[in-house]
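Enquirer: Residue numbers (our numbering): 218 to 742.
Glycine included, every Cβ here is placed at the ideal spot set by N, Cα and C.
From a predicted model like this one, the values you see are computed outputs, not experimental measurements.
Okay, here's the structure, questions in a sec.
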């Protein structure tokens, strides 16, 4: 019940008691309170010497002071007011409560406020704060992270066009200490890289990261059981932290970062608005030059800077950084094909051939490709950055390079022969072009599907045309079938012709010589 409603109820109880002369039980029913409450208010009124009607100039504060003063207190004598800003900051320390702070307050001021009034004064003061300051976050516990809605720009050096980029902002909950940097986009790589530089700037990691529900951080938003992006979760585990996303549609869950995003916009973007930058790296140098000044500015309500609160509250309780920096890695799912290879970023990597047709998890870094089955690593390869390249570990192959029982090169060629001789020749050429025949199985299966879709006759014609063009591959056959060129009859190969040269007589010369030397038919005369 608010203070105003309480005083209104007290006035009504006194009116019904002294003006209407109702019983305590009747007053309790009329005012929806207990009869004990009515008795207590009436007792206090008698003790304070109040009469009805009350003096018209009395407001609620004066009535409250007369009714609820302690025995021996003198009305109007002020008591020592607690330092509200100090209380607010002390509450952010682990294990500190209002009760503990009230006891310390009474040790310094024995004549001070009792506990209930102490709490009421603090909560009244806290309501005057902005929502971000009103929340009490434990030191070293939470880091709130988000992208700014307003974006800085860089100049494209080739076209002169202004290209918008993203502004990443991270804020520690207890001190509101701000970190910011520009990113090319809101993609996963930029998100993780910004986090790594943020914790390195702070010199430690919090216990929790609180992101918004953007795709780079949360794969599947849910109020009760959100699915965290696998890479983001791995990053948090590397630094000994957890990820607790804010509820979708509840900006007050992350009011700290919402308010400090505005601070970053006003004290970083506004300051840099007339400067031109030609790369994100150049822009970040300017942003990082402004961060110390932003964090050193005293906050208006608390009268202390973010830097001072960071050194006092957050820095001592941040967890130390691990010895190695987190290496960005993407996680993907892949299926093992009949050639015991999986496709990762347009290239092929082998796994043990016993894993055919199973689903594996792929961890992809800048240099390494790791494959996992049910959490156990089954293969590791150096990453290739080309396209269509094979990486095959000989230990993953069947013994003596034999294919497994389901598929063999001879079976594939025999299948192709049922379609036609051109298809069989094409399959044989595809298998022969690979270092190991198994690497051509995938292309042969693709030809099977093309035969099912377009028919055996068209596949045979396309295979013959691909062989004539000197490009025996699955892609060539596919392009021929899609374009319909297989329906055009094959042209006869052109006859070889001699080059034109003065020393070469050519065919016409010999034809003329044969005419001159041929015998003349006998005359009929």
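#1: Quick check on DSSP: helix, strand or coil for residue 252?
#2: Taking DSSP as the reference, what is the three-state secondary structure of residue 383?
#3: Enumerate, from N- to C-terminal direction, the unbroken beta strand (DSSP E) stretches of 3 or more residues contained entirely within the stretch 299-375.
#4: Are the beta-carbon atoms of residue 535 and residue 357 separated by less than 7 angstroms?
#5: Just checking: is the beta-carbon of residue 342 within a distance shorter than 7 angstroms of some beta-carbon in chain C?
#6: From what residue to what residue does the beta strand (DSSP E) around residue 396 run?
#7: Excluding the five sequence neighbours on either side, which residues of its own chain have a C-beta within less than 6 angstroms of the C-beta of residue 391, listed in chain order?
#8: Please confirm if the stretch 406-423 is in contact with the stretch 449-460, defined as three or more CB-CB distances below 8 angstroms between the two stretches.
#9: Write down the C-beta distance between residue 613 and residue 569 rounded to the nearest angstrom, noting that I regard them as a contact closer than 8 angstroms.
#10: What span of residues does the beta strand (DSSP E) with residue 528 cover, start to end?
#11: From the DSSP output, read off the bridge partner residues of residue 657.
#12: Going by DSSP, what residue range makes up the alpha helix (DSSP H) through residue 640?
#13: Below 8 angstroms, how does it come out for the stretch 310-329 and the stretch 274-281: are there three or more Cβ pairs, yes or no?
#14: With distances taken Cα to Cα, identify the nearest neighbour of residue 387 among 407, 474, 692 and 458.
#15: Could you tell me the boundaries of the alpha helix (DSSP H) in which residue 461 lies?
#16: So if DSSP puts residue 422 in a beta bridge, which residue, or which two residues, is it bridged to?
#17: What residues in its chain sit with their C-beta under 7 angstroms from that of residue 426, if we drop five residues either side in the sequence?
#18: In whole angstroms, what is the alpha-carbon distance linking residue 692 and residue 663?
#19: I'd like the list of long-range same chain contacts for residue 224, defined as Cβ closer than 8 angstroms, with 5 residues on each side in sequence excluded.
#20: So the candidates are 476, 553, 423 and 564; which of them puts its Cα closest to the Cα of residue 589?
#21: Can you give me the C-alpha to C-alpha distance between residue 630 and residue 583, rounded to a whole angstrom?
#22: Measure the CB-CB distance between residue 256 and residue 242 and report whether it falls below 7 angstroms.
#23: For residue 695, which three-state DSSP category applies?
#24: Would you give the residue range spanned by the alpha helix (DSSP H) that residue 505 belongs to?
#25: For residue 697, I'd like the list of residues in its chain whose CB is within less than 7 angstroms of its CB, leaving aside the five on either flank, ordered along the chain.
#26: State whether the stretch 295-305 contacts the stretch 336-343, with contact taken as three or more CB pairs (one from each stretch) at a distance under 8 angstroms.
#27: Distance, Cα to Cα, residue 661 vs residue 673?
Expert: Per the coordinate set shown:
#1: Of the three classes helix, strand and coil, the one that applies to residue 252 here is helix, per DSSP.
#2: It is a strand residue.
#3: Considered as a whole, the stretch 299-375 harbours 359-364 and 370-372 as its complete beta strand (DSSP E) runs of no fewer than 3 residues, in chain order.
#4: Yes.
#5: Of the protein chains in the structure, only one exists, and it is not chain C.
#6: Segment 395-400, the beta strand (DSSP E) holding residue 396.
#7: Result list for residue 391: 309, 354, 356, 530 and 531, in chain order.
#8: Yes, the stretch 406-423 touches the stretch 449-460.
#9: At roughly 5 angstroms, the Cβ-Cβ gap stays under 8 angstroms, so residue 613 and residue 569 are in contact.
#10: Membership of residue 528 in any beta strand (DSSP E) is not indicated, and neither H nor E is assigned to it by DSSP.
#11: Paired residues: none, contrary to the question.
#12: Looking at the DSSP string, the run of the alpha helix (DSSP H) that includes residue 640 is 638-649.
#13: No contact exists between the stretch 310-329 and the stretch 274-281.
#14: Per the Cα distances, 474.
#15: Element bounds for residue 461: n/a, residue is neither H nor E.
#16: Per DSSP, 536.
#17: Exclusion of the five residues before and after residue 426 leaves 360, 362, 453, 458 and 460 as the residues of its chain whose Cβ lies within less than 7 angstroms of its Cβ.
#18: Rounded to whole angstroms, residue 692 to residue 663 spans 9 angstroms at the Cα level.
#19: Excluding residues within five positions, the ones whose Cβ falls inside 8 angstroms are 277, 280 and 281.
#20: The option with the nearest alpha carbon to residue 589 is 553.
#21: Answer to the nearest angstrom: the Cα atoms are 39 angstroms apart.
#22: No, the Cβ-Cβ distance between residue 256 and residue 242 is not below 7 angstroms.
#23: In this structure, residue 695 counts as helix in the three-state DSSP scheme.
#24: Element bounds for residue 505: 497-513.
#25: So the qualifying residues of the chain are 679, 682, 683 and 703.
#26: Output reads yes: the stretch 336-343 touches the stretch 295-305.
#27: Near 14 angstroms, if we compare the C-alpha coordinates of residue 673 and residue 661.
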